[in-house]
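J.: Under my numbering, the first residue of the sequence shown is numbered 2, with each subsequent residue one higher.
Questions regarding the structure given below will be posed in turn.
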Amino acid sequence: MGPAAFPGGPVGARDRPRGDPGGSRGRRSCRRGGERRDRTRPRRDRGIRTAGGGVRHEGPLARRRHGVSSVRRTGAVHRAASRPAGRRPHPVRGSDGRRRGRRCDGPGLRSFRRCRAGPGAGVRDVRSPRRSERDSRPVSSCSARPSRYSADGCGDSAGTSMRVAMKIGARLTAAWIASGVLSGCGESEPSAPVTPAADLTFGGDPVLETSPPWFRESAAERGLDFQIDAGMATTPRLPEIVPGGGAALDFDDDGWLDLYLLQATGDGGNRLFRNLGGGRFADVTDGSGLADVGFAMGTATGDYDGDGDVDLFVSNFGADRLFRNDGDGRFVDVTDTAGVGHPGFGASATFFDADADGDPDLYVTNYVDWSEATELECRNRTGRLDYCPPARYDAPTRDVLYRNDGDGTFTDVSEESGINTAVGTGLGVVAVDFDGDGRRDVFVANDGMPDHLWINQGGLRFKEEAMQRGCDRDLSGVAKAGMGVSSEDVDDDGDPDLIVCNLGGESDSFYLNDGGRFIDATNRSGLGSASRHFTRFGLGFVDFDNDGVLDLYAANGRVGASDDPEAVDPYAEPDLLLRGEAGRYRPVRPAGGTVPTPARTSRGAIFGDFDNDGGQDVVVLDLGSPVRLLRNVLPSRGGWLTVDVRDGRGAPAIGAVVRAQMGDRVVTRRVRTDSSYLTAQDPRVHFGLGDVDSVGRLEVVWPDGSTRIMNDVAAGRIIRIDPGSNPEAVEKPLGDGSSEAAVR
């Protein structure tokens, strides 16, 4: 599937990336081909007005539920906004939700700025992220614009939407009508599953016909007993709404993916689960040295000390931690010695070789400069206490880049590298060579602020170029509530593409990489209408059915409480599974690929083959509900090949590139563990082969430039490739713990 497979054909003038001098940024942002502005865009949030006409603000931790207005923030997790005094009123809309009055495609600067800034924005700096100026505005009783915490800006009328989205105890029916409103029947109780029945439509694209379930939830029967407790039953506090991290790693190097799951509160601490084989787990935390009791957020995996064992970094709300793997099932806390205990609000992190010296450096995103003293009180439109959006605290912060000094210690090089020249509200991160110069760059998804793309200049210097390269905001100039992020070569042109998931009411941002510049392909890929009705966190491009085309899974959960009085979990939403086909993505039925279809407050999603049967599985981390292990049970998967690329020390070769040639098609994958939200992924590279029974040519390129080429590689197995040695085919165990004869 090449670039031309995507609707719209090859890159043309109207698809030119923002920042390309050959295109008109204003014209593209305002309209394309003379068409009117998209009438389904979210409307501006008006906030909440007190009886005295003043602004009522709400609480900080409440930001987790990002769906309300509050006093001092300007972030974007909850995007409530109101019209400042003296501004023109919001555009009039008819009963069908369509805008009446001034169009954004009229002539002149005022029209151009309205388009760039969003509906009802009037004339202002076209690059304004619409942050601080909103917080001083008077607010009305309800927001007319979707906020990150709500579909309509006033708490989440998606509680109502969810009532309409799932039929209690029986069916999940969802339909997106032309005005973009979610309707259907359903139940929002997380533990009350529902089974989809009627046809679902996403912006006119029907879902796939009913198929057998793609996944079976198997956590309890497979030995995973874990539940995140973030303290959400108490007064809302911002850190409570955003955790949900964990890691897939083979800490004992036995060929089976183990799991490290992060706890938010001090009760119980983080847990290490060893894979006993066949995808069955045992809790081996006691004696491992990993029962940390900090308020854990995210994790990263990598061999920082070069001994061949996978080490663990944990970002916290509070001091971060680094655990060294001693290779005997024990980890040692080396935070103080290593110098990586930054006491901020850490989120996603990644190990990558930033300076090409052969050892992994460490990038840590930080969310908000928050403390109990800066907490606010926020309420939704029903008067219920809720989480405040990060924008209300007006406290974006800086990420941290640590240089690995090669002796077990790190040095903070955020200033000299240029990383601290921009502030943000970072939640998701991936480190990939986006411009093809051989140096790994860093993309950061910011919540409610423009995203960052740090281009590696060499010599441990980075330059922020997201705006110039077209991936800082959407085509209308709006900075979305970025959370999870994934990067894979979706269109088979060799360079990594990018997707960022956002708040309910905002579609995902799907960017095709065109030689280091990005084209927003969200709408023509079908992801615009399919994604906007839920709040997405963990996501990943994964070939679940092994047909050779990447599918997409998103773990969903609200940040603003539903106004449904019957909801057991007012933040719960069903997950989303979309199948990739012919350049488009269509939602799968049953919703989320499981029967029954649960609704949960989902955050992190970890992707990997936990039973080594060739089917990619998913671990979903939910707030206040047991962890889910979604085993891939598709009965008609295609052929597959998994490549376990190691470096000279025996650790996963982070940054290596693997190319598989099948006929006239070349598929490119990269060895990485970052992606999704607050999680570390399976470092092995997976290829779905469809009806192909072998790979004609397999090429591995290590970060130092060394290359290995194999011809006619048989499918249906896992092969381990080390530099300087013959590839080793690993036995392919079956899901039930038995094994079949395979090449070794």
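Glycine included, each C-beta is placed from N, C-alpha and C at the ideal position.
1) In the DSSP assignment, find the unbroken alpha helix (DSSP H) run with E416 in it and report its ends.
2) What is the DSSP secondary structure of I229, counted as helix, strand or coil?
3) Give the list of continuous alpha helix (DSSP H) stretches no shorter than 4 residues that lie fully inside the stretch 510-593.
4) Tell me which same chain residues have a C-beta within less than 7 Å of the C-beta of M663, skipping the five on either side of it?
5) Please list, in chain order, all residues of the same chain as A1 whose beta carbon is under 7 Å from its beta carbon, the five residues on each side excluded.
6) Is it buried or exposed for I710, if we count other Cβ within 10 angstroms and need 16 for buried?
7) Using CA atoms only, rank isn't needed, just tell me which of P588, T383, G449, G460 is closest to D442.
8) Where does I655 fall in DSSP's three states?
9) If D334 sits next to F324, beta carbons under 8 Å apart, how far is it from one beta carbon to the other, in whole angstroms?
10) If you draw a straight line from the alpha carbon of S141 to that of R380, how long is it in whole angstroms?
11) Do the stretch 620-633 and the stretch 593-603 meet, that is, are 3 or more Cβ pairs less than 8 Å apart?
12) Between the C-alpha atoms of E241 and E574, what's the straight-line distance to the nearest angstrom?
13) Does DSSP put L402 in a helix, in a strand, or in coil?
14) How big is the Cα-Cα spacing for R101 and V628?
15) Secondary structure at N381, three-state DSSP: helix, strand or coil?
16) Residues bridged to L362 by DSSP?
17) By DSSP, does R238 sit in helix, in strand, or in coil?
18) Along the chain, where does the alpha helix (DSSP H) that runs through M450 open and close?
19) Identify every residue that forms a DSSP beta bridge with M711.
20) Let me know the secondary structure DSSP gives T300 once reduced to three states.
21) Taking all protein chains shown into account, do 16 or more other C-beta atoms lie within 10 angstroms of the C-beta of S372, making it buried, or fewer, making it exposed?
22) Taking only the alpha-carbon atoms, compute the straight-line gap between R111 and D475 and give it to the nearest angstrom.
23) Report yes if the C-beta distance between V659 and V667 is below 8 Å; otherwise report no.
24) Specify the secondary structure class of P391 as computed by DSSP and reduced to three states.
25) With 16 other CB atoms within 10 Å as the buried threshold, where does E567 fall?
26) Mind pulling the alpha helix (DSSP H) runs of 4 or more residues that sit fully within the stretch 452-479?
27) According to DSSP, simplified to helix, strand and coil, what is G725?
28) Which residues in the same chain as V365 place their Cβ atom closer than 7 Å to its Cβ, once the five residues preceding and following it in sequence are excluded?
29) Is the beta carbon of G280 sitting closer than 8 Å to the one on D612?
30) Quick one: residues in its chain with C-beta nearer than 6 Å to the C-beta of L529, no 5 flanking neighbours on either side, listed in chain order?
31) Could you please give the first and the last residue of the uninterrupted beta strand (DSSP E) stretch that includes D284?
32) Determine, using beta carbons only, whether W257 and N633 come nearer to each other than 8 Å.
33) I need the DSSP call for N633, collapsed to helix, strand or coil.
34) Should G328 and D306 be called a contact, given that it needs their Cβ atoms to be closer than 8 Å?
35) Where F296 and F282 are concerned, what is the direct C-alpha to C-alpha distance, given to the nearest angstrom?
36) 8 Å is my cut-off, CB to CB: does R632 come that close to chain E?
T.: With the given structure in hand:
1) 415-418
2) strand
3) 528-532
4) L690, V693, V696, G697
5) Residue 1 is absent from the model: the chain starts at 2 and stops at 745.
6) exposed
7) G460
8) coil
9) 6 Å
10) Legend: pLDDT at S141 = 33, less than 50; position of this residue unreliable, no value from coordinates given.
11) yes
12) 17 Å
13) strand
14) Its pLDDT being 42, under 50, R101 is placed unreliably by the model, and the measurement read from it follows with that caveat. Each residue's alpha carbon lies about 47 Å from the other.
15) coil
16) The sequence given here places Asp at residue 362; Leu does not occur at that position. D362 pairs with F353.
17) coil
18) Here M450 belongs to no alpha helix (DSSP H), and DSSP marks it neither H nor E.
19) L699
20) strand
21) exposed
22) Summary for R111: the model assigns pLDDT 31, below 50, so the residue's position carries little reliability, and this model does not support an answer.
23) no
24) helix
25) exposed
26) 467-470
27) coil
28) S316, D321, H343, G347, A350, D400, V401
29) yes
30) In the sequence as presented, Leu is not what sits at residue 529; that position holds Gly. Excluding residues within five positions, the ones whose Cβ falls inside 6 Å are S508, T523.
31) 281-284
32) no
33) strand
34) no
35) 24 Å
36) Judged by its chain identifiers, the structure shown contains no chain E, having just a single protein chain.
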